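What follows is a short report on a single structure.
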Amino acid sequence: MALARVRSLFIPLLAITLLLAACGQTQSTTFSSVGAGLGSSATPSPEPWVSYPLTLTDDAGRTIILAKKPARIVSLAPSNTEIVCTVGACGNLTGVTDFDDYPASVKNVAHVVVQAKVDAEKVLAAQPDLVLAAGNGLTPEAAIKQLTDLGLRVMILYPKDLAGVYHDVTLVGEALGMPDRAQSTVASMQARVKAVTDVVAAAAHPRTFYEVSVFGGTIYTAGNDSFLSSLISLAGGDPVTGDAQSGAIQLEDLIAADPELILLGDASYDLTLATRAKALTAVRARSGWGQISAVRAGKVIPFTDDVVTTRPGPRIVDGLEALARAIHPELFGS
Amino acid sequence: MRAAAAVTPRTLVGGPSLTKASLVLGGGLLLLLVAGTVALALGSVGVGLGDTAAILGHRLLGVPAQVTWSAPAEQIIMEVRLPRVLTAMLVGGGLSVAGATFQAVLRNPLADPYIIGTASGASLGAIAALMLPVLLPGLAVGAASSWLGVGTVQVLAFGGGLGAVLLVSAIARAARGGAVTLLLTGYAVSSVLAAGVALLMYLSGNHLGAIFAWLMGSLDGAGWRNLGLAIPLVIASLLLLLARWRRLNVLLLGEAQASHLGVDPHRERLLLTGLASLATSAVVAISGTIGFVGLVVPHLLRLAMGPDHRLLLPASLLFGAALLALADLGARLAGGIPVGIITALIGAPFFIGLLVRSRRVVVGNS
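Residue numbers (this note's numbering), protein chains in the order written: chain Z, 144 to 477; chain B, 978 to 1343.
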């Protein structure tokens, strides 16, 4: 019954999409590309003709052959959704996750991933021409295998750093026949990153500890060589890192590293860390933390831009800018 | 004691009466059919009973039909739901028969299919497979995912489960002990393997979610390919177990009596353990460790009809298959929570209720 509903919605939707496409660039203006910092300078232009069948290689090294321009796209991760939308194909999404919240229009798209579970039936009902999964186990490997076995085209995106995000925006842009939009998004991201790195280049890089969470006495931070640690470096900090895999750090190692600044990425989820005063009190009260330079100097800051800092999509630059403002308030004002 | 008294020389050779047998097995078959139908008709995407029946009739039986359904509907029924329901039945039936066997062989009411190391061995294998990209960072992610095509997780889980059981059996045989030695050896080996599992989980980083899903038992990702890997092993070992019902009954009488009746208890115990472990390992490899089914189903059936394995084993197969198909339906409709949670959440209180009512556990313990 639900399937029939999806289908009955699909035909008028398709008609509208075709109509809009015929009218010109309407579709690509529905989503103004990258987040806060980008002005409306990116004027949408008709994309050059991309020839299909198109052969692409995804981040897992798999070859994906697209017979035609994908009209229906399922995204299995919020970062993938944002990439699809930034290249101007938001209207082609027929399935997303229950975690998707940006841009606002995707909240109305069917949820094919619920509580991190990929529902193969719902993915099939969304009739995707292309499924965008996340790598490194974020989309369970069993689910990727199941969808591939069902004959769906699954592309795995797993950006390990900013260059990886640029690459994925470009890759998705090519796959969806929107290479120009992808190119302009990447160019504006690069310009904004350069603006940040130029400003912090001459400044001192304080030893910065980013608290992802403290759970059952185990402290989690940016892993060694992780995406997050590279962002902290770019934002003008010297990251105190944990285990490359888990991000866990021993309290002794944290004390020995003696951070000059503590950013509480978990402040969005923990009310006891919500304000600067509360956060400082709470962190000072933790056994062994009192003598850390950052705590003594009162430089313990609730960092509430955790989502954009940890979601490897186009808004990652928002995260970088937020980090730079938190690490160097004197340079960026705020 | 009371339980052992239920197995008399007459039941050993004569078997159950025809009416009781047809009642139990007929009931089991009926329940299995109903469970299968309901589980196929319901899911997260509504297909409709008429379309479901038409698709199945058309594709399985070749019933000529006007194709009124959509392509995704057909794919959902034939390639997602049907293999999943069949997997649930195979897993439920396999675990129940293995559980019944272990309870008789070890003469222990707490025995379940995982009791002598299958679960921890298989878990270690599966988790090692899930973490291959981390453990051997030299391998490209692409290489690892192409291995997934041939089911690295399944192969290593199966190997781990069976390896653990063979190790336990070898130690127990060297010790020349009885059922208790086998139990204790299993426990000790399991502890070592569980420590390995815990270590890998600690190092797992982003893979923790996949590992948890596996440990809790889930039929997500069930497909024809995995089912095809498990079916021959499970069916073969179950048939061999069913054929040995008489020896299982004899083992219930105790070692001395078994020897008097011409059954070598040591040899028979290891053989039966091996067969049950083979079925368990094959099942665990495709479903993860689903608890409670293998413990509860044989007990419930024993309460209902006594410990004669001629009837108990096939009944365990039918009822175990039906119950897990229904439990997995519940798991799917509840938004895909692991089916192991459903089996414990509903199975345990139900089991307790029956225990309280009957005030005894029939295991044939001496």
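Yeah, the Cβ is synthetic: ideal placement off N, Cα and C, and Gly gets one too. Every value quoted in this text rests on a predicted model; they were computed, and no experiment measured them.
query, result
"Against chain B: residues of the segment 253-265 of chain Z by CB proximity under 9 Å", "V257, Q258, A259, K260, V261, D262, A263, E264 and K265"
"Under 9 Å between C-beta atoms of T351 of chain Z and L416 of chain Z", "no"
"Below-9 Å beta-carbon distance, R1036 of chain B vs any chain Z residue", "no"
"Positions along the segment 1053-1071 of chain B whose CB lies within less than 8 Å of some CB in chain Z", "I1053, E1056, V1057 and R1058"
"Residue from B:V1157, B:A1065 and B:G1271 with nearest C-alpha to A1077 of chain B", "B:G1271"
"Residue from B:D1241, B:L1229 and B:A1262 whose Cα sits closest to the Cα of L1083 of chain B", "B:L1229"
"Contact belief for T237 of chain Z with V257 of chain Z at Cβ below 8 Å, rounded distance in angstroms", "With 8 Å as the limit, T237 of chain Z and V257 of chain Z do not qualify as a contact, their Cβ atoms being about 16 Å apart."
"Backbone secondary structure at V1022 of chain B - three-state DSSP", "coil"
"For A1187 of chain B, the nearest candidate out of B:L1216, B:M1108 and B:V1261 (CA to CA)", "B:M1108"
"Contacts of A1302 of chain B in chain Z (Cβ-Cβ under 9 Å)", "Within 9 Å Cβ-Cβ: nothing; A1302 of chain B doesn't reach chain Z, min ~16 Å."
"Beta carbon of S436 of chain Z nearer than 9 Å to that of D401 of chain Z", "yes"
"Whole-angstrom distance between A259 of chain Z and A1050 of chain B, CA atom to CA atom", "23 Å"
"Proximity test, Cβ basis, 9 Å: D1089 of chain B and chain Z", "no"
"Rounded Cβ spacing between M298 of chain Z and I207 of chain Z (contact assumed at less than 8 Å)", "5 Å"
"Cβ-based neighbour list, K211 of chain Z, same chain, cut-off 6 Å, excluding 5 preceding and 5 following", "Y195"
"Through-space distance from A410 of chain Z to R439 of chain Z, alpha-carbon basis", "19 Å"
"Residue-chain proximity (V1130 of chain B, chain Z), Cβ-Cβ < 9 Å", "yes"
"Three-state class that DSSP yields for Y245 of chain Z in the structure shown", "coil"
"Exposed unless 16 or more other CB atoms sit within 10 angstroms - verdict on V1145 of chain B", "buried"
"Assigned secondary structure, I345 of chain Z (DSSP; H/G/I helix, E/B strand, else coil)", "It should be pointed out that residue 345 of chain Z corresponds to Ala in this sequence rather than to Ile. In the structure shown, A345 of chain Z sits in coil (DSSP, three-state: anything other than H, G, I, E or B)."
"For Y363 of chain Z: DSSP bridge partner residues", "Z:S356 and Z:A391"
"Pairwise C-alpha distance: S389 of chain Z and L1180 of chain B", "6 Å"
"Neighbourhood of L463 of chain Z by C-beta, 7 Å cutoff - its chain only, sequence neighbours within 5 removed", "V336, V339, L374, L377 and A378"
"Three-state secondary structure assigned by DSSP to G1119 of chain B", "Residue confidence for G1119 of chain B is low, a pLDDT of 43 falling below 50, so the modelled location carries little weight; the figure read from the coordinates is stated next. Three-state DSSP puts G1119 of chain B in a helix."
"Distance cut-off 8 Å: A1156 of chain B Cβ against heavy atoms of the ligand GDP", "No copy of the ligand GDP occurs in the structure displayed, which carries no ligand at all."
"Same chain, Cβ closer than 6 Å to M978 of chain B, neighbours up to 5 away in sequence not counted", "Confidence is the limiting factor: at M978 of chain B the pLDDT is only 38, short of 50, which leaves the residue's position unreliable and the question unanswerable from this model."
"Interface partners of S1021 of chain B on chain Z, CB under 7 Å", "D262, E264 and K265"
"Every unbroken alpha helix (DSSP H) within the segment 191-242 of chain Z, with a cutoff of 4 residues, ordered by chain", "221-229"
"Bridge partner(s) assigned by DSSP for L273 of chain Z", "Z:I216"
"Cβ separation of D311 of chain Z and P302 of chain Z, assumed to be a contact under 8 Å, to the nearest whole Å", "5 Å"
"Alpha-carbon spacing of L1295 of chain B relative to G360 of chain Z, whole angstroms", "47 Å"
"Test item: CB-CB of A1262 of chain B and V1132 of chain B under 9 Å", "yes"
"Three-state secondary structure (DSSP) of V1040 of chain B", "coil"
"Residue burial classification, A1105 of chain B (beta-carbon count within 10 angstroms, cutoff 16)", "buried"
"Residues of the segment 271-285 of chain Z with Cβ closer than 9 Å to any Cβ of chain B, in chain order", "G278, N279, G280, L281, P283, E284 and A285"
"Given G1313 of chain B as reference, the closest of B:V1074, B:K997 and B:A1190 once Cα atoms are compared", "B:A1190"
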